[in-house]
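In terms of full-length UniProt numbering, the sequence shown opens at residue 1 and continues consecutively.
Glycine is no exception: its CB is placed at the ideal position from the N, C-alpha and C atoms.
Everything below concerns the one structure shown next.
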Amino acid sequence: MKRAAPVLAIPLAWALPWATHELRVDGLLPVVLLLGIASLLRGGRTLLDRVALALFLFLGLLSAAGLVFSVWPWGLDPVAVSRAGFLSLIAAALISRRVPRLPLRVGWSDALLVLGGVAPALFLWSSFWHKSAAERLAMMIGAEDLARHFTIFDTIRSVGGYLPFHRDEVTRQVIPGVVDYPQASHLFSALMDNFVRSSTGLGDGLVAFDHYLAWNLVGYGILAFTLVWALRWVAGPVLRGWRLVAAVAVVTGCTGGGYLVSLFDRGYPSEALGLALLAVVFALAARPVRGAREQMLLLAAALVGVSFTYYFFLPVAGAAVLVWALVYARSRTRGPWRLGPLAIAVLAVPLVLVWPVLSVRSGVSPTQALIPDVGIPEVDQRLLLTLVALVLLGTLTRTGRRVPIWRSVGAQIVLAGLMVFAIGGYQLATTGGVSYYFEKAVHGVLVAGFVGIGAVALLLPRDPFSWGAGQGGFAAALRRLAAFALPAGASVVVVAFAYGLLVPDRMLATRTSERGGVTEPAAGTSRGRAFHSDKLWRPTDGKAAVNVYRRFPNGDDGRVTLVISAYRLYTPSLYLAGFRRQGGEAALPVGGINGSKEIATLEHVAEVSPRPVRFVVARDDLVTGLSEIAKRRPELKIEIVQLPFSQIPAPKVLPPPPGGKKR
C-alpha cells in the first residue's frame with residue numbers, strides 16, 4: 001500500500017499544474033514542490049529545518065536541471081517544469097521507499113530565524129515603496145553591473161534556458177562577454193517569475209526590471225535567512241534563549257543595515273545567492289545531517305549550486321567538503337552506506353565543473369580575471385577580525401580541540417583565509433595592490449565567521465542563570481548579576497546594530513586598484529536609510545532612461561537608442577538597451593560613450609554601431625554638434641531627439657504588473 005501511494009499520485013502531479021495554470025495561480029506550485037521535497041528528507045529537528053534543507057536542495061537541483069530545461073522543447077514553461085518536478089519527486093519516493101512525512105515541531109526560535117531572514121529584505125524593499133519607476137531606477141542606476149544581470153535574467157526568460165545553449169539567439173539581447181557567466185541565480189529568478197506571472201511572455205521591459213529587482217531582494221533574503229539558520233544549525237539545541245537573540249541580532253544587523261547590503265545595492269545578485277549556498281556547505285560540513293546518503297546529497301547539491309551561481313567560491317566550498325570527509329565521513333560510510341554517497345559524489349563532480357569549463361573555453365583567463373580595474377566596498381576590518389578571533393580562539397580551548405564541530409569551523413576559517421592570501425599575493429605581485437576579487441574572497445571569510453558564531457555557543461554554560469543556585473553570598477550575587485546582564489547585553493547588541501553604532505562609515509569605502517582605473521569615490525553612510533551610498537542616487541539619469549524608454553520602447557525599430565543625460569552618458573544608455581532588449585546590439589556604441597561627451601566620440605559611436613543611432617540629448621551644444629555630423633555624414637543615418645530631462649514630470653507609479661499573455 002505504501003508503494004502504491006506514490007503511483008496513485010501521478011495523475012494528480014499531471015493535473016495540478018494544468019489547473020493552477022488555468023486559474024493563473026502557478027505561483028503556488030513551487031511552494032507545493034518545496035514541501036514535497038521536505039517531506040522526503042529526514043534531517044532536522046523542526047519543520048523550519050526540514051523546509052530550509054529542502055530549499056537548499058531545491059536550489060542545487062534546479063541549477064543542474066537548468067541544463068535539461070535549456071535543451072528540451074518546453075523551456076521554462078511553468079506547467080512543464082512543475083510536472084517534471086512532481087514526477088521526479090514521486091520517483092524519488094519510490095526509489096528511497098520513503099513515505100512523505102513532515103515534523104510538526106515549531107517554536108518561537110523558528111519564528112525568530114524567519115524574521116531574521118525576512119526583515120532585512122523588507123527593510124531594503126521599504127526604500128522602494130510608493131516610488132515611481134524613475135525613482136526606483138535612480139536608486140540602482142549607479143550599479144551598472146545590475147543592468148548586465150538584468151539582461152541575462154530577461155534573455156533566459158526569452159530563450160527558456162541557460163544562454164550558452166542559445167548563443168545564436170541571444171546575440172542581439174545580451175552583451176557577448178556575459179553569455180558564459182554562471183547563471184543559476186538568473187535562472188531561478190526567471191523561472192520563479194514565470195510561475196508568478198503564469199506566463200512565459202516577456203511583457204514590458206521596465207516591468208520586467210521591476211520584477212527582477214524584487215527577485216534580487218528575494219535572493220538577498222535567502223542569504224540573510226541562511227546565515228541565521230546556519231549558525232543555529234551549527235550550534236544545535238544549545239543555542240536558545242538570550243544566546244539565540246544575540247546571535248541573530250548580530251547577523252541581522254549586518255544584513256539589514258551593514259556591509260552585506262552592498263551585495264544588493266551594488267548589483268551583485270549572483271554573489272549573494274552564491275554566498276548563501278557557501279554558508280550551507282559550511283554549516284552541513286560542520287554539523288552533518290543524519291544519514292550519509294542524505295548528507296552527501298545535500299552537500300553535492302550545495303556544491304553544484306555554488307558552481308552554477310558563483311564558482312569563484314568553489315575552491316573553498318570543495319575544500320570544506322573534503323574536511324567533512326576527513327572529520328566525519330570515514331566513520332559514517334561503512335557497510336551499506338558506502339555505495340550511495342560514492343555514487344552521488346561521482347555524479348556531482350562533472351556537474352560541478354560545468355561552468356568553470358564553459359568560462360575557460362570562452363577564452364576567459366583565470367589569472368587575468370583576478371585583477372579587474374573596478375571598485376568594491378571594503379569589508380570593515382574590525383568586524384572581520386572580531387569574528388575570526390572568536391572562532392579561532394575557540395579552537396584552542398579544550399572543548400574546541402575535542403568537538404568535531406569546532407575543528408570544522410576552524411578549518412573553514414583557515415581555508416577561506418588561505419584563498420584571501422593567495423589572491424592578495426597574486427594581485428600584489430602583479431599590480432602592486434589589491435582590488436576587486438581580493439575583497440570578494442574576504443566575503444568568504446566573513447560568511448565562515450558568521451556561521452562559526454554558532455560554535456561559540458558550545459563553549460558557554462548551558463544555564464548561566466543557575467550559577468550559585470541554592471547558595472548565598474557572592475555566588476547568589478553573581479547569579480543575579482548574570483540574570484540581569486546577559487539579557488541586557490543582548491538588547492544592547494540589537495540596538496547597537498540597529499542604529500549602525502557597530503558599523504562604521506568607513507566600512508563602505510571603495511577598494512580600488514593601485515593602477516588607478518577606478519574613479520568612484522568612497523561611499524558615505526546615512527543613518528536610518530537602507531541605502532548607504534548617496535553616490536549611487538542619480539535621479540536625472542533614472543528619469544532620463546525611463547522617459548526615453550517610454551517614448552521609444554520598441555527595440556525592433558531599426559535603431560540603437562542612446563541617452564545623453566545632463567550627468568552621465570553610459571549607465572542610462574546601458575539600462576535603456578536592456579529595457580529595449582538590444583543589449584548585444586548596443587554593446588559597442590554604449591561602451592564607446594563610457595566616460596566621454598565629446599562630439600568626436602559620439603561620431604565614432606555612430607560609426608561602430610551595427611544599426612543607425614538615435615541620440616536622445618538634453619544639451620543644446622550636443623544638438624548642434626550632432627546635427628553637423630548628421631549633415632556631414634548622411635550615411636550614418638543619425639537621428640537626434642532633444643528632450644529637456646530636467647523639465648519632464650516624474651512618471652506615475654507603475655500599477656502591479658499584469659500576468660502577461662499565456663502560452
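Practice task
Using a threshold of 9 Å, state whether the C-beta atoms of Leu213 and Phe282 are closer than that.
Solution key: In this structure, Leu213 lies away from Phe282, with their beta-carbon atoms at least 9 Å apart.
Exercise for the section: Could you tell me whether the Cβ atoms of Ile344 and Ser435 are closer together than 9 Å? Expected result: Taking 9 Å as the Cβ cut-off, Ile344 and Ser435 do not qualify as a contacting pair.
Problem - Reduced DSSP secondary structure (H/G/I, E/B, other) of Leu562 - result: Residue state, collapsed to three classes: strand.
Practice task
Please say whether Phe552 and Arg614 have beta carbons closer to each other than 9 Å?
Solution key: Result yes, Cβ atoms of Arg614 and Phe552 sit closer than 9 Å.
Practice task
Using 10 angstroms around the beta-carbon of Gln295, count the other beta-carbons present and answer buried if the total reaches 16, otherwise exposed.
Solution key: When all chains shown are included, Gln295 counts as buried.
Problem - Bridge partner(s) assigned by DSSP for Phe615 - result: Phe615 has Leu562 and Ile640 as its beta-bridge partners, per DSSP.
Exercise for the section: Sort Leu284, Val379 and Gln173 by Cα distance to Leu588 and report the nearest one. Expected result: Checked all of Leu284, Val379 and Gln173; the closest Cα to Leu588 is Gln173.
Exercise for the section: Please classify Ile222: is it buried, with 16 or more other beta-carbons within 10 angstroms of its beta-carbon, or exposed? Expected result: Within 10 angstroms of the beta-carbon of Ile222 lie 16 or more other beta-carbons, which makes it buried.
Handout entry: Beta-carbon gap between Thr561 and Ala586 smaller than 9 Å
Key = Thr561 places its beta carbon less than 9 Å from that of Ala586.
Handout entry: Every unbroken alpha helix (DSSP H) within the stretch 16-93, with a cutoff of 4 residues, ordered by chain
Key = Runs found: 28-40 and 47-69.
Problem - For Lys226, the nearest candidate out of Tyr259, Val248, Val280 and Leu260 (CA to CA) - result: Sequence inspection shows Thr at residue 226; the Lys mentioned does not correspond to that position. Nearest C-alpha to Thr226: Val280.
Problem - Counted within 10 angstroms of its Cβ, other Cβ atoms place His130 as buried (16 or more) or exposed - result: So His130 counts as exposed.
Handout entry: Local conformation of Tyr437 per DSSP, three classes
Key = The answer is helix: DSSP assigns Tyr437 an H, G or I state.
Handout entry: Cβ neighbours of Tyr162 in the same chain (closer than 6 Å, five flanking residues each side left out)
Key = Around Tyr162: Gly66, Ser70 and Gln183.
Handout entry: Boundaries of the alpha helix (DSSP H) in which Gly203 is found, first to last residue
Key = For Gly203, there is no enclosing alpha helix (DSSP H), since its DSSP letter is neither H nor E.
Exercise for the section: In angstroms with no decimal places, state the Cα-to-Cα distance between Leu94 and Leu40. Expected result: If you take the alpha carbons of Leu94 and Leu40, they lie about 11 Å apart.
Handout entry: Endpoints, alpha helix (DSSP H) assigned at residue 667
Key = Nothing can be reported for residue 667, as the shown portion of the chain is limited to 1 through 663.
Practice task
Using beta-carbon positions only, say whether Leu273 and Gly305 come within less than 9 Å of one another.
Solution key: Yes.
Exercise for the section: Compare the beta carbon distance of Val25 and Leu35 with 9 Å and say whether it is the shorter of the two. Expected result: Taking 9 Å as the cut-off, the beta carbon of Val25 is found no closer than this to the beta carbon of Leu35.
Exercise for the section: May I ask you to check if the CB of Ala429 is nearer than 8 Å to at least one heavy atom of the ligand GDP? Expected result: As far as ligands go, the structure on display features none, and thus does not contain the ligand GDP.
Exercise for the section: Could you tell me whether the Cβ atoms of Glu135 and Gly267 are closer together than 9 Å? Expected result: Not in contact: Glu135 and Gly267 (Cβ atoms no closer than 9 Å).
Exercise for the section: Would you please state the rounded distance, in angstroms, between the beta carbons of Val238 and Leu458? I believe it to be under 8 Å. Expected result: Confirmed, Cβ separation roughly 6 Å.
Practice task
Give the C-beta separation of Leu384 and Val228 to the nearest angstrom, bearing in mind that I take them to be a contact with Cβ-Cβ under 8 Å.
Solution key: Between Val228 and Leu384 the Cβ distance is about 19 Å, and since that is not below 8 Å, they are no contact.
Handout entry: Residues near Tyr412 in its chain [Cβ-Cβ closer than 6 Å; skip 5 each side]
Key = Note that residue 412 is Gln in the sequence shown, not Tyr. Once the five neighbours on either side are set aside, the close Cβ partners of Gln412 are Phe282, Ala320 and Ala448.
Problem - Within 9 Å, strictly: CB atoms of Val234 and Val445 - result: Not a contact, by the Cβ cut-off of 9 Å.
Practice task
Starting from the Cα of Phe150, find the closest Cα among Thr171, Leu16 and Trp215 and give me that residue.
Solution key: With distances taken between Cα atoms, Phe150 lies closest to Trp215.
Exercise for the section: Can you say whether Arg401 is buried or exposed, counting buried as having 16 or more other CB atoms within 10 angstroms of its CB? Expected result: By the Cβ neighbour-count rule, Arg401 is exposed, with fewer than 16 other Cβ atoms within 10 Å of its own.
Problem - N- and C-terminal bounds of the alpha helix (DSSP H) containing Phe579 - result: Following the DSSP letters along the chain, one finds Phe579 inside the alpha helix (DSSP H) bounded by residues Tyr570 to Phe579.
Problem - Selection from Thr430, Leu187, Arg633 and Leu57 that minimises the alpha carbon distance to Pro78 - result: Checking every option, the nearest Cα to that of Pro78 belongs to Leu187.
Practice task
Taking only the alpha-carbon atoms, compute the straight-line gap between Val118 and Val316 and give it to the nearest angstrom.
Solution key: Going by the C-alpha atoms only, they are around 27 Å apart.
Handout entry: Inter-residue Cα distance where the pair is Arg148 and Val403
Key = Near 46 Å, if we compare the C-alpha coordinates of Val403 and Arg148.
Practice task
Would you give the residue range spanned by the alpha helix (DSSP H) that Val306 belongs to?
Solution key: Residues Ala292 to Tyr310.
Problem - Rounded separation between Leu217 and Glu635 - CA only - result: Cα to Cα, Leu217 sits roughly 46 Å from Glu635.
Exercise for the section: Alpha carbon to alpha carbon, how far is Val31 from Pro11? Give it in angstroms, no decimals. Expected result: When rounded, the distance between both Cα atoms is 19 Å.
Exercise for the section: Can you say whether Gln427 is buried or exposed, counting buried as having 16 or more other CB atoms within 10 angstroms of its CB? Expected result: Gln427 counts as buried, since at least 16 other C-beta atoms from the protein chains shown sit within 10 angstroms of its C-beta.
Problem - 6 Å Cβ shell around Ala15 - same chain, five flanking residues per side excluded - result: For Ala15, there are no CB contacts under 6 Å within the same chain when 5 residues up- and downstream are skipped.
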